[in-house]
Amino acid sequence: MTRRALLIGCLMALGPSLAWAGSPVFINELHYDNEGPDTDEAIEVAGPALTDLTGWSIVLYNGTGGTRYQTVALKGFLPDQCGGHGTLAVPALGLQNGSPDGLALVNGSTVVQFLSYEGTFTATDGPAAGLTSTEIGVSESGSATVGHSLQLTGTGSTSSDFTWQPSAPSSFDQCNPGQTFKGGVDTPPSVFSLRPADGATDVPESPTLQIQFSEAVTLEPGAVTLHCATSGSVALNLSANPNPASYAFVPVAPLVAKETCTATIAGGLVSDLDGAIDTMIGDVTSTFTIAADVAPAVIDLRPLPEAAGVPTLSRLRVGFDEAVTVADGWLTLDCTASGAHTLVVSGGPQRFAAQPVPPLSGSETCTATVHAAHVVDQDGTPTVMAADASWSFGTGLDLGTYYESADVSGGAALRASLHAIIKDHTRYPYSSGSGIDTWTILEQADEDPNDPKRILDAYRNASYMKVATNRPYNREHIWPKSYGFPDDSGTNYPYSDTHMLYLADNGYNGARGVKPYGTCTPLCQEHVTVPNNDSGGGSGVYPGNSNWTDGTIWEVWSSRKGDLARALLYMDVRYEGGLNGITNSPEPDLVLTDDASLIQGTDTNTGGTAYMGLLSVILAWNRADPPSDHERLRNEIVFGYQHNRNPFIDHPEWADCVFLDVCSVTDRLFMDGFEVP
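Read in order, the letters of the sequence shown correspond to residues -21 to -1, 1 to 656 in mature numbering (1 follows the signal peptide of the UniProt record, and there is no 0).
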């Protein structure tokens, strides 16, 4: 163990209060607020060069309640940038704006620092639970200049040697102006990582050589070479150079299957850029073996083989173990009742989705087949798939006569009849150690349409891997639970109603809080989305594809306005007070309103009236953003569990009839049993 590692380890063992007093690894720069939409929110850590940040994280805390709302994992090594020390900045999208809020720097489970801005507070959960924050003493306001940040300055080697300064031009990923580090060692550059790793097998025929150096370096011609047993000396092209310490190279042509190759970094041709110029000591090599050129194979099929109760609006999904090219007729679908289906295929070259046209019928068995002769891989010599892959599944109940008793003669009649249809649904626990709970349902209902192993969150539009612990997403109560049903219990049906629960990014879930839905202005704070599933992305112009808040209301981004509006419309009609027909327990009367003064929290579950809003905005969102195929499929999935549907997804036109008594001629056609798709 190095003396540096020993010093850090000893300080951690002595407890967080001593670590805060002079931690060698510490928060060095911070940006959370600026004029207009918040831009480039980030956090930087600093410490001795070559410090391994594996297992380190920054946990963001909400000062109101002291709960964590996001965890940012750190990785890699601190570079050698200044005086034997270095910095690493990480994006912190959705970093909250204080009064107060905070962040904890954590090594494993040990809190190294617990800092706050615009006040202090005590953490109530997570690694800093029970600890009181240390205020940094400076802050950013909503009028701060874009591109500025809060930074430490001074001279020394630990956090206590430096002082936080007011907002100034940011210097993320480099030592701050006015900051001098002492006690470090100016070491020669070294290689932190080289991929493919030494001894790697089954390496693709067109591999990327990824090199991470310990600090910024200059590469002389011939610094990186590749020699293979069959291909000989292979010319390389620089494919990426995101910063002077990170390089990526690719061969100009595919390599030969099963051959052995050696990548070499010539130490004498690699030199650093800080202080006295040092060259790398010795060469670094990695020898690896190219994979055999095997036929492509199917590794993932959805719906799962032999699955039952599959929603009739479901898409087929096929995943291969490598990139492939498919020809017409590669995938077919035949069902016992609805027959052969046309398939509208999207995606590729490794994961494909196929939407059956027309939709599947209820209570039938369907068989899908991937035809091997129409599938060929894209690497090296094209290889045809070895054998067909077929699988079968059963569909769920058809919608049939579900709305047969809906009375569309007027608003009051339609409300009463819909309530009778959807009340007293099958309830699943909010959380369960085993068996089906809301996580089970939501991770199906909010599944990423492009990858069944991931979810697509409602607010940020981010795709996250499905995991069982330390999820970066949470279960968002679209109707905040504090408005009428705050306590989870076996008889509290709205708390775990998955027509209303949506998976949402932890940070955005915390930023929304319990704010009612409403319409914002360009002066509101922006919470941007990321591009996914052909929507989202972009920022800076209201409303764009962003969520917005003024601290009082929350405006949902454009592609989810209708989805979340219809979840609230459902809650108003589903929960009308009285007793639950299954448990005989009181239920709240949930009412949408435009009177914000009525929207108040309750300390316990109520059998009385609780409000949410704003009604006129929610109705407008329902009209402007009609149900998508993804939302309709979600309704089918929840229906398969709860055995009730959201009628405003099936019939969005019913919202104005129920809430405004504006009932269309089309509505009255349903009195004669006519249904529209």
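Virtual Cβ for every residue (Gly too), placed ideally from N, Cα, C.
Quick caveat: nothing in here was measured; it's all calculated off a predicted structure.
Straight-line gap, P606 to V535 (C-alpha atoms, nearest Å) = Your numbering for residue 606 matches position 627 in the sequence shown. Your numbering for residue 535 matches position 556 in the sequence shown. Looking at the two C-alpha atoms, the distance is approximately 15 Å.
Going straight from the alpha carbon of H447 to that of R613, what length do you get?
-> Position 468 of the sequence shown holds residue 447. Position 634 of the sequence shown holds residue 613. A small fix is needed here, since residue 447 is Ala in this sequence, not His. Each residue's Cα considered, the two are about 21 Å apart.
Kindly indicate which residue of T585, V637, G44, L74 has the alpha-carbon position closest to the one of T50.
-> Residue numbering aside, residue 50 sits at position 71 when the sequence shown is read from its first letter. The candidate whose alpha carbon is nearest that of T50 is L74.
Output the distance between the C-alpha atoms of V24 and C642, rounded to the nearest integer angstrom.
-> Position 45 of the sequence shown, counted from the first residue, corresponds to residue 24. Position 663 of the sequence shown, counted from the first residue, corresponds to residue 642. Their Cα atoms are separated by approximately 59 Å.
Where V303 and G359 are concerned, what is the direct C-alpha to C-alpha distance, given to the nearest angstrom?
-> Mapped onto the sequence shown, residue 303 falls at position 324. Mapped onto the sequence shown, residue 359 falls at position 380. Roughly 12 Å separates the two Cα atoms.
The alpha helix (DSSP H) spanning K432 covers which residue range?
-> Numbered from its first residue, the sequence shown carries residue 432 at position 453. Taken as a continuous stretch (DSSP letters only), K432 belongs to no alpha helix (DSSP H), being part of the beta strand (DSSP E) at 430 to 435.
Taking the continuous alpha helix (DSSP H) assigned at F618, which residues delimit it?
-> As a working note, residue 618 is residue 639 in the sequence shown. Taken as a continuous stretch (DSSP letters only), the alpha helix (DSSP H) holding F618 covers 608 to 621.
Roughly how many whole angstroms lie between the Cα atoms of T362 and A351?
-> Locating residue 362 in the sequence shown gives position 383, where the first residue counts as 1. Locating residue 351 in the sequence shown gives position 372, where the first residue counts as 1. Straight-line Cα distance between these residues: approximately 11 Å.
Counted within 10 angstroms of its Cβ, other Cβ atoms place P546 as buried (16 or more) or exposed = On the sequence shown, position 567 is the one that residue 546 refers to. According to the sequence shown, residue 546 is Ala rather than Pro. With 16 or more other Cβ atoms within 10 Å, it is buried.
Over the uninterrupted alpha helix (DSSP H) stretch that includes R394, give me the two end residues.
-> For the purposes of this step, residue 394 is taken as residue 415 along the sequence shown, with counting starting at 1. First-last of the alpha helix (DSSP H) with R394: 390 to 401.
Do you know offhand how far G65's Cα is from G497's?
-> Taking the sequence shown and counting its residues from 1, one reaches residue 65 at position 86. Taking the sequence shown and counting its residues from 1, one reaches residue 497 at position 518. Using only the alpha carbons, I get a separation of about 45 Å.
Ignore the nearest five residues each way along the sequence and tell me which others in E555's own chain have a CB closer than 6 Å to its CB.
-> By 1-based counting over the sequence shown, the position of residue 555 is 576. If we look at E555 and ignore the five residues flanking it on each side, its Cβ neighbours are H398, D568.
Have a look at residue 705 and G373 and give me their C-alpha separation to the nearest angstrom.
-> Within the shown structure, residues of the chain are numbered from -21 to 656, placing residue 705 beyond reach of any answer.
Hey, out of L110, P473, Y452, P495, whose CA is closest to T585's CA?
-> Position 606 of the sequence shown, counting from 1, holds the residue named residue 585. The candidate whose alpha carbon is nearest that of T585 is P473.
For the ligand NAP, is there a heavy atom less than 7 Å away from the beta-carbon of G246?
-> Although the ligand NAP was asked about, the structure shown includes no ligands whatsoever.
Quick one: is K161 buried, meaning 16 or more other Cβ sit within 10 Å of its Cβ, or exposed?
-> Within the sequence shown, numbered from 1, the residue matching residue 161 stands at position 182. Answer is exposed; the Cβ neighbour count stays below 16.
Is it true that the CB of T508 sits closer than 8 Å to the CB of N440?
-> On the sequence shown, position 461 is the one that residue 440 refers to. On the sequence shown, position 529 is the one that residue 508 refers to. Their beta carbons are under 8 Å apart, which means N440 touches T508 by this criterion.
Quick one: complete alpha helix (DSSP H) runs, 4+ long, within the segment 513 to 561?
-> 540 to 553
Run of the alpha helix (DSSP H) containing I628, from where it starts to where it stops = Within the sequence shown, residue 628 is the residue found at index 649, counting from 1. Start and end: 626 to 629.
Among L543, A634, V273, the one whose alpha carbon lies nearest that of D300 | Numbered from its first residue, the sequence shown carries residue 300 at position 321. Closest option to D300, Cα to Cα, is V273.
Considering only residues of the same chain and omitting the five flanking positions on each side of L248, which have a CB-CB separation below 7 Å?
-> The count along the sequence shown starts at 1 and reaches residue 248 at position 269. Only L198, E199, G201, A202 meet the Cβ criterion.
Taking C-beta to C-beta, are G530 and N41 nearer than 8 Å?
-> In the sequence shown, the residue the question calls residue 530 occupies position 551. In the sequence shown, the residue the question calls residue 41 occupies position 62. Their beta carbons are not under 8 Å apart, which means G530 does not touch N41 by this criterion.
So, are the CB atoms of V349 and V297 less than 8 Å apart?
-> As a position in the sequence shown, residue 349 is number 370, starting the count at 1. As a position in the sequence shown, residue 297 is number 318, starting the count at 1. It is a contact, given that the beta carbons lie within the stated cut-off.
Should K30 go down as buried or exposed, given a rule of 16 or more other Cβ atoms within 10 Å for buried?
-> Indexing the sequence shown from 1 puts residue 30 at position 51. At residue 30 the sequence reads Thr, which differs from the Lys that was named. Per the 10 Å Cβ criterion, buried.
Do you know how far the Cα of A102 is from the Cα of S36?
-> Counting from 1 along the sequence shown, the entry for residue 36 is found at position 57. Counting from 1 along the sequence shown, the entry for residue 102 is found at position 123. About 16 Å.
For the candidate residues G375, M444, S468, H456, whose alpha-carbon lies nearest to that of Y407?
-> Along the sequence shown, one-based indexing puts residue 407 at 428. Of G375, M444, S468, H456, the residue nearest in Cα terms is S468.
With distances taken Cα to Cα, identify the nearest neighbour of D59 among D551, A83, S250.
-> By 1-based counting over the sequence shown, the position of residue 59 is 80. Closest option to D59, Cα to Cα, is S250.
Return helix, strand or coil for H127, following the three-state DSSP convention.
-> Locating residue 127 in the sequence shown gives position 148, counting from the first residue. Three-state DSSP puts H127 in a strand.
List the DSSP bridge partners of T64.
-> Numbered from its first residue, the sequence shown carries residue 64 at position 85. Looking at the sequence shown, residue 64 is not Thr but His. DSSP, once it has assigned bridges, lists P27, C61 as partnering H64.
Report all residues from its chain with a CB closer than 7 Å to the CB of H622; omit the five preceding and five following residues, and keep chain order.
-> Numbered from its first residue, the sequence shown carries residue 622 at position 643. Only H404, T405 meet the Cβ criterion.
Nearest-angstrom Cα distance between L376 and G587?
-> Here residue 376 corresponds to residue number 397 of the sequence shown, with the count starting at 1. Here residue 587 corresponds to residue number 608 of the sequence shown, with the count starting at 1. Cα to Cα, the separation comes out at about 35 Å.
Continuous alpha helix (DSSP H) stretch holding D635: start and end = As a working note, residue 635 is residue 656 in the sequence shown. Segment 633 to 639, the alpha helix (DSSP H) holding D635.
Segment contact flag, the segment 385 to 394 with the segment 309 to 324, C-beta cutoff 8 Å, min 3 pairs | no
Neighbour-count burial assignment, S388, 16 or more Cβ in a 10 Å radius = Position 409 of the sequence shown, counted from the first residue, corresponds to residue 388. Exposed.
Please list the segments of the alpha helix (DSSP H) lying wholly inside the segment 148 to 200, counting only runs of 4 or more residues, in order along the chain.
-> none
With respect to the alpha helix (DSSP H) encompassing I420, which residues constitute its N-terminal and C-terminal limits?
-> Stepping through the sequence shown from its first residue, residue 420 is reached at position 441. I420 -> alpha helix (DSSP H) spans 417 to 424.
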